[in-house]
Amino acid sequence: LVTVRSFDTSLVRKTRTILEAKQAKSPSSPYNLAYKYNLEYAVVFNMVLWIMIALALAVIITSYNIWNMDPGYDSIIYRMTNQKIRMD
(Lines of atoms letter the chains of each structure in order from A and count residues from 1; the text may use other names and numbers.)
(Lines give C-alpha, C1' and ligand atoms only; values in the text may rest on other atoms or scores of the structure.)
Protein backbone atom coordinates (compact mmCIF):
# COMPACT_ATOMS: atom_id res chain seq x y z
CA LEU A 1 0.00 0.00 0.00
CA VAL A 2 1.50 3.32 -1.08
CA THR A 3 0.15 6.69 -0.07
CA VAL A 4 1.07 9.93 -1.73
CA ARG A 5 0.69 13.15 0.16
CA SER A 6 -0.03 16.27 -1.77
CA PHE A 7 1.11 19.55 -0.26
CA ASP A 8 -1.29 22.20 -1.41
CA THR A 9 -0.06 24.76 1.10
CA SER A 10 3.37 26.29 1.13
CA LEU A 11 5.95 24.89 3.51
CA VAL A 12 6.38 28.12 5.44
CA ARG A 13 5.98 28.22 9.16
CA LYS A 14 3.40 30.72 10.28
CA THR A 15 4.70 32.80 13.16
CA ARG A 16 3.05 35.04 15.65
CA THR A 17 4.59 38.16 17.03
CA ILE A 18 4.98 38.45 20.78
CA LEU A 19 4.18 42.14 20.73
CA GLU A 20 0.97 41.68 18.83
CA ALA A 21 -1.83 43.54 20.56
CA LYS A 22 -4.89 41.51 21.34
CA GLN A 23 -8.09 42.99 20.03
CA ALA A 24 -10.67 43.91 22.61
CA LYS A 25 -13.94 42.11 22.10
CA SER A 26 -16.14 45.07 22.94
CA PRO A 27 -14.21 48.32 23.21
CA SER A 28 -15.91 50.99 25.30
CA SER A 29 -14.69 53.67 22.90
CA PRO A 30 -13.77 53.44 19.23
CA TYR A 31 -10.84 55.79 19.89
CA ASN A 32 -7.42 54.73 21.10
CA LEU A 33 -7.34 56.87 24.23
CA ALA A 34 -4.76 56.85 27.02
CA TYR A 35 -5.52 55.75 30.55
CA LYS A 36 -7.13 58.19 32.91
CA TYR A 37 -4.81 60.44 34.91
CA ASN A 38 -3.71 58.95 38.22
CA LEU A 39 -3.94 61.40 41.13
CA GLU A 40 -0.80 59.98 42.76
CA TYR A 41 1.36 60.81 39.75
CA ALA A 42 2.48 64.14 41.23
CA VAL A 43 3.40 62.52 44.55
CA VAL A 44 5.54 59.82 42.96
CA PHE A 45 7.18 62.33 40.61
CA ASN A 46 8.03 64.62 43.54
CA MET A 47 9.55 61.75 45.55
CA VAL A 48 11.66 60.52 42.63
CA LEU A 49 12.76 64.06 41.77
CA TRP A 50 14.08 64.87 45.26
CA ILE A 51 15.73 61.47 45.68
CA MET A 52 17.58 61.92 42.38
CA ILE A 53 18.66 65.46 43.34
CA ALA A 54 19.93 64.20 46.72
CA LEU A 55 21.86 61.33 45.11
CA ALA A 56 23.39 63.65 42.50
CA LEU A 57 24.50 66.09 45.21
CA ALA A 58 25.97 63.23 47.26
CA VAL A 59 28.01 62.02 44.28
CA ILE A 60 29.21 65.55 43.44
CA ILE A 61 30.20 66.34 47.05
CA THR A 62 31.97 62.99 47.48
CA SER A 63 33.83 63.40 44.18
CA TYR A 64 34.89 66.95 45.09
CA ASN A 65 36.19 65.87 48.50
CA ILE A 66 38.12 62.92 47.07
CA TRP A 67 39.59 65.10 44.31
CA ASN A 68 40.83 67.73 46.77
CA MET A 69 42.11 65.31 49.38
CA ASP A 70 45.72 66.08 50.30
CA PRO A 71 47.43 63.08 51.87
CA GLY A 72 50.61 65.05 52.61
CA TYR A 73 54.07 63.54 52.75
CA ASP A 74 53.07 61.01 55.40
CA SER A 75 51.29 58.98 52.75
CA ILE A 76 52.40 55.42 52.11
CA ILE A 77 53.07 56.36 48.48
CA TYR A 78 55.85 58.74 49.48
CA ARG A 79 57.25 56.39 52.12
CA MET A 80 57.56 53.48 49.69
CA THR A 81 59.04 55.45 46.77
CA ASN A 82 61.77 57.36 48.66
CA GLN A 83 63.98 54.33 49.27
CA LYS A 84 67.38 54.27 47.62
CA ILE A 85 68.07 51.56 45.09
CA ARG A 86 71.26 49.66 45.94
CA MET A 87 73.56 48.96 43.07
CA ASP A 88 75.97 46.05 43.71
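Numbering (full-length UniProt numbering), first residue to last: 1 to 88. In this text, a Cβ means the ideal position worked out from N, Cα and C, and glycines have one as well.
Residue i, enclosing alpha helix (DSSP H) - first and last residue
i, result
"Ser29", "Element bounds for Ser29: n/a, residue is neither H nor E."
"Thr62", "41 to 67"
Cβ-heavy atom distance, residue i to the ligand HEM, below 7 Å
i, result
"Val2", "With respect to small molecules bound, the structure shown includes none, and the ligand HEM cannot be examined in it."
Spatial neighbours of residue i in its chain, beta-carbon cut-off 6 Å, leaving aside the 5 residues before and after
i, result
"Thr3", "none"
Any chain B beta carbon closer than 8 Å to residue i
i, result
"Ser29", "This model lacks chain B altogether; it includes just one protein chain."
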